[in-house]
Every structure is written in C-alpha cells, then in structure tokens.
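Here the structure comes first, spelled out in structure tokens, and everything after it is commentary.
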Amino acid sequence: MTVSISMTINGSSVSADVDARTLLVDFLRVNQRLTGTHVGCDTSQCGACVIHVNGKSVKSCTILAAQANGADVTTIEGVANGSELHPMQEAFRENHGLQCGFCTPGMIMSALDLINVNADPSEQEVREWLEGNLCRCTGYHNIVKSIQAGAKAMREA
Amino acid sequence: MYSFDYKSPSSLSEAVAMLQSSDDGLLLAGGHTLLPTMKQRLASASDLIDLGGVSELRGISVSGDAVTVGAMTTHAEVAASSDVRGAISALADLAGGIGDPQVRNAGTIGGSIANSDPSADYPAALVGLCATVNTNSRSIAAEDFFTGMFETALAENEIITSVSFHIPKCAAYCKFPNPASRYAIVGVMFADCSHGMRVAVTGAGPSVFRVSEMESALAQSCAASSIADISISADGLNSDIHASAEYRAHLVTVMAKRAVEKACASC
Ligand SMILES: Cc1cc2nc3c(=O)[nH]c(=O)nc-3n(C[C@H](O)[C@H](O)[C@H](O)COP(=O)(O)OP(=O)(O)OC[C@H]3O[C@@H](n4cnc5c(N)ncnc54)[C@H](O)[C@@H]3O)c2cc1C
Ligand code: FES
Ligand code: FES
Numbered sequence: 000m001t002v003s004i005s006m007t008i009n010g011s012s013v014s015a016d017v018d019a020r021t022l023l024v025d026f027l028r029v030n031q032r033l034t035g036t037h038v039g040c041d042t043s044q045c046g047a048c049v050i051h052v053n054g055k056s057v058k059s060c061t062i063l064a065a066q067a068n069g070a071d072v073t074t075i076e077g078v079a080n081g082s083e084l085h086p087m088q089e090a091f092r093e094n095h096g097l098q099c100g101f102c103t104p105g106m107i108m109s110a111l112d113l114i115n116v117n118a119d120p121s122e123q124e125v126r127e128w129l130e131g132n133l134c135r136c137t138g139y140h141n142i143v144k145s146i147q148a149g150a151k152a153m154r155e156a
Numbered sequence: 000m001y002s003f004d005y006k007s008p009s010s011l012s013e014a015v016a017m018l019q020s021s022d023d024g025l026l027l028a029g030g031h032t033l034l035p036t037m038k039q040r041l042a043s044a045s046d047l048i049d050l051g052g053v054s055e056l057r058g059i060s061v062s063g064d065a066v067t068v069g070a071m072t073t074h075a076e077v078a079a080s081s082d083v084r085g086a087i088s089a090l091a092d093l094a095g096g097i098g099d100p101q102v103r104n105a106g107t108i109g110g111s112i113a114n115s116d117p118s119a120d121y122p123a124a125l126v127g128l129c130a131t132v133n134t135n136s137r138s139i140a141a142e143d144f145f146t147g148m149f150e151t152a153l154a155e156n157e158i159i160t161s162v163s164f165h166i167p168k169c170a171a172y173c174k175f176p177n178p179a180s181r182y183a184i185v186g187v188m189f190a191d192c193s194h195g196m197r198v199a200v201t202g203a204g205p206s207v208f209r210v211s212e213m214e215s216a217l218a219q220s221c222a223a224s225s226i227a228d229i230s231i232s233a234d235g236l237n238s239d240i241h242a243s244a245e246y247r248a249h250l251v252t253v254m255a256k257r258a259v260e261k262a263c264a265s266c
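Line by line, the protein sequences give chains A and B.
When we follow numbering that gives the first Met the number 0, the leftmost residue of the first sequence carries the number 0, and every step to the right adds one.
When we follow numbering that gives the first Met the number 0, the leftmost residue of the second sequence carries the number 0, and every step to the right adds one.
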C-alpha cells in the first residue's frame, strides 16, 4: 500500500508517496538523501539513527515514516547554523568526542534532547541518558566530556 | 517486513471499526515491540491501525484513590509526570527505568501490557498496585489480565483504553536489569495499600506473579528482615543465557528486600 505523507524536515515542508512499510530512517536517507542519520543495527539498540520528532529524540529505525505524518522532524543536518557548527557539535570536535564518527549524529541528537530536559546534567546523568547510544570507538569518556562542555556552551550562549 | 495497509484513525470508535473490518489487523502503539517483530517477519498484519492520532487514549489523571494513565501515554510521560510522582513515586521510577530515553519517548503503557512480555516492567506495577485495565468494552483486574507468557485476557478486537492504579500508602520497585536491554531479569513491586501487602514479581516466571508467603510475613511486620529468609522455588521459572532459574529465584528475595527497604525509607 502507498501512503501520502507530509512533514517538516529541518524547517522545510516535504511531501511524498511512500510504501506504508517505509521506516522513517529510510525515508530520510533514501528519499530525502539526508544520510547524516546512520543505521548501526536496525534492531533499536545502537542509537545511531536518533533524530527528533516533535522535539523528542526517537530511534528513526523503529518508527514508520507514516507515523511521522504531520510531524516536525529534525536531523543532524538541521542542527548547524549554515557553516557555523552548533555549540554541541563544536564541543564534540574540541573534546575528541568522536573517532570514526559513526555514532556521532545519534549521540548529538540524543544529547540535545537531554539538554532540553536538563540544562546542566551531571556526569552520571549524561551516562544514564546515553543508555541507548552505543559507541564502538571512544570508550564514552570524551563523549560525556563533550556533552557537558556543549551543555555549558549552550547555557552561556 | 511484509506489506500491510496503514490506517490512521482519529477516534477510539473509528479504531474499533477499522479493527473489526480488517482481515488480520493489528494495533500500532509506540511500535517498539511490534515493528522489530515485523522486521524479522515474526509478525505480519493485513492492516496496521496506528493509535498515534487517537488523543482520547493519552494523558494522566489523579482522582480520589486512583491514578489513571491513558493507553497511549509514553513511558517518558509517566516518568516525568508530577501527578504520578506525587501519588505513586514507585510508578514514575519504574517507567523512568524502562529501556533508554528513546524507547521511553516512543513506548506506551498500552503496548507494553498488551504484549505481556515476561520481562517487561509494567506487569509488576499493575499487579503490585492493584490496577484495573480498562478497555473499549470492559474493566479487567490486573491479576486476571496477564494470563501467561505473551498472553492476556484481551479478546479479539479489544482495545486497551487506560490503566487505573490504586494509590498505596507506600510502594517501591526494584529491578535487576539486563545490562544490555534494561528489561527486568527480575523486578519486584512492593506496595502497602488498603488491600494489604503486595509483592509482585516480573521477569522471573512466564508471567507476573505474587509471593503470598512474603505478603503474609510483611503483614505481620513490615520490614525487609521479615522476608530475608523466604525463598521461592526455582521450579517453572525462566532460564536463559542471562540467568538460570535458580539465580532468578535468588534474585526475587534480594529485589523484594530492596523494594521493602526503599518503600519503608519513604513511608
Ligand atoms: C531497546 C529496547 C529496550 C526495551 N527495554 C524495555 C525495558 O527495560 N522494560 C520494558 O518493560 N520494556 C522494554 N522495552 C519494550 C518497550 O517498553 C515497548 O515499547 C513496549 O513493550 C511496547 O509498547 P509499544 O507502545 O511500543 O507497543 P507496540 O510495539 O506498538 O505494540 C505491542 C503490541 O501491543 C498491541 N497493542 C498496542 N497498543 C494496544 C492497545 N491500546 N490495546 C490493545 N493492544 C495494543 C499491538 O498490537 C502489539 O501487538 C524495550 C524495547 C526496546 C526496543
Ligand atoms: S539503527 Fe536505529 S537503533 Fe540502531
Ligand atoms: S566514534 Fe566510532 S562508533 Fe563512536
């Protein structure tokens, strides 16, 4: 079955006809060519596919594109201001919060949702929040440091 | 995933009608159990009826001695609700300990209990807090609702609309989580309420169960020490790569003691 969907992605309205089975992550990557959102597992575990739907972080591999009909979607591509990195992205760069970078888009989208609910998270709160984001490279230490630095920069901005 | 027709009702009556007129329709709530299962082709449906647009199934209300949570309320909403925390902090704690933040933003109480996963957290809350499951056609006591592993008392085409929890004098939930998924290897909800003492266990057996021996001991003296020597039999408990039945039996006493200690500290 084909369904007609429309949503706002990073501030632009998009409409498309898709197979009802289309996952939101595939709609973003294949249909919209927004390949910053990654697929690490496709089994809801790794968090590489985390985006925001109506301001809340979700795993885009575990939601149908049709479920986001009418929603406001933000992906990693919508975070920077033109060529100026978002303070959270800048903090990951400054603090070596990434190595291969595969997990980074999901980490940043997850971190930004944390800051929405807790502007000044402790190290423990960051670690608990990252329960659903796996990184195979960094050992998490610098990711936690980056998120705390990014949170500070956002508070001071 | 096998192909299906996607339906998006905007009211409960429309959802019921769509379910009744479909050959083999399934309800879609947060999708965090159903979509992974469909991806593996372990489940399929002629129609997926998405409850996401049915606003009457969302929301939390407190009245008299009950907290009522709409079926489509997410785990994150329950965890963050000051009404829930004020009335039953153990319920907010339980919801805040499910999976990870993204799972909590999507998964719903209705989807969780309809699935009746033996290691899901909510079944312990429903049975421990003497809850009632409300559907489009009736109300079912929590103890009659969970009938077995992945089995419930729901009839064909029945839709859960809300769950009403009885507000206890004090309660606490403690779980030993699977370190990868956070599902309960064993989770215990202890509550002291007007119905008496309740000790409800999830994760250990095929379905949630009460430990009456512990409940009687706690009625005599409400302290962790009164149940320290009570152990349950490993017969019939779950056994898998994460934990043997014997280990789960041991964890039931450990988690029950912790839950009683935590509840007493806040009482
Ligand atoms: C990585 C990960 C970790 C998780 N960790 C935990 C955990 O620690 N503890 C835990 O308890 N759970 C955990 N879960 C499960 C999670 O809580 C699920 O969201 C939940 O079990 C199912 O809820 P859902 O809203 O996603 O339902 P769906 O997947 O949409 O639906 C599940 C089933 O319920 C049916 N259904 C849905 N709504 C209704 C309704 N209103 N009436 C009747 N039937 C209905 C559907 O048809 C389907 O058969 C985890 C899931 C994932 C992916
Ligand atoms: S790709 Fe979605 S959680 Fe791993
Ligand atoms: S930087 Fe490589 S997976 Fe995280």
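We treat Cβ as the ideally placed atom computed from N, Cα and C, and that holds for glycine.
Burial state of A/E122, where buried means 16 or more other Cβ atoms lie within 10 Å: Residue environment for A/E122: exposed (fewer than 16 other C-beta atoms within 10 angstroms of its C-beta).
Euclidean distance between Cα positions of B/D143 and B/S161: Approximately 16 Å, taken between the alpha carbons.
Residue of A/G10, A/C48, A/N9 and A/S14 minimising C-alpha distance to A/L22: Checked all of A/G10, A/C48, A/N9 and A/S14; the closest Cα to A/L22 is A/C48.
Identity of the residues DSSP links to A/I146 by a beta bridge: Bridge partners of A/I146 according to DSSP: none are assigned.
Chain A contact for B/Q101 (CB, 8 Å cutoff): It does; some Cβ of chain A falls within 8 Å.
Local Cβ density within 10 Å of B/Y182, reported as buried at 16 or more and exposed below that: Buried: at least 16 other Cβ atoms inside 10 Å.
Unbroken stretches of the beta strand (DSSP E), 3 residues or longer, contained in the region 46–91 of chain A: Runs of the beta strand (DSSP E) inside the region 46–91 of chain A: 49–52, 55–58 and 71–73.
Check: A/G54 C-beta below 7 Å from any heavy atom of ligand 1: No, since every heavy atom of ligand 1 falls outside the 7 Å radius drawn around the Cβ of A/G54.
B/G98 Cβ short of 7 Å to ligand 4 heavy atom set: Judged by which ligands are present, ligand 4 is missing from the structure shown, whose ligands are ligand 1, ligand 2 and ligand 3.
Interfacial residues, the region 167–193 of chain B to chain A, with Cβ spacing under 9 Å: Only those residues of the region 167–193 of chain B whose C-beta falls short of 9 Å from the nearest C-beta of chain A are listed: A179, S180 and R181.
heavy atom of ligand 2 below 7 Å from A/T21 C-beta: A/T21: no, Cβ never under 7 Å from ligand 2.
Proximity test, Cβ basis, 8 Å: A/T103 and chain B: With its beta carbon at least 8 Å from every one in chain B, A/T103 lies outside the interface.
Euclidean distance between Cα positions of A/G54 and B/N237: Rounded to whole angstroms, A/G54 to B/N237 spans 39 Å at the Cα level.
Rounded separation between A/G35 and B/C263 - CA only: Taking C-alpha positions only, A/G35 is separated from B/C263 by approximately 49 Å.
Neighbour-count burial assignment, B/D23, 16 or more Cβ in a 10 Å radius: Counting of Cβ neighbours within 10 angstroms places B/D23 among the exposed residues, the total staying below 16.
Of the residues A/G10, A/S11, A/S14 and A/A19, the one placed nearest B/K6, counting alpha carbons only: Checking every option, the nearest Cα to that of B/K6 belongs to A/A19.
Closer than 9 Å at the beta carbon, the chain A residues around B/G30: Under the 9 Å cutoff, chain A gives T61, I62, L63 and Q66.
Residue(s) in a DSSP beta bridge with B/N133: The secondary-structure analysis by DSSP pairs B/N133 across a beta bridge with B/S138 and B/S161.
Neighbour list for B/Y246 in chain A, Cβ cutoff strictly below 7 Å: Per Cβ cutoff of 7 Å: no residues; B/Y246 is ~23 Å from chain A at best.
Sequence ranges, alpha helix (DSSP H) only - wholly within the region 100–125 of chain A, length at least 4: Fully enclosed alpha helix (DSSP H) runs of no fewer than 4 residues occupy 103–116 of the region 100–125 of chain A, in order along the chain.
Beta carbon of A/G131 nearer than 8 Å to that of A/G46: Contact: yes.
Contacts that A/G157 makes with chain B (C-beta to C-beta distance below 8 Å): Given a span of 0 to 156 for chain A in the structure shown, any question on residue 157 of chain A remains unanswerable.
Interface flag, A/M106 vs chain B, CB-CB below 8 Å: Taking 8 Å as the threshold, the shortest C-beta distance from A/M106 to chain B does not fall below it.
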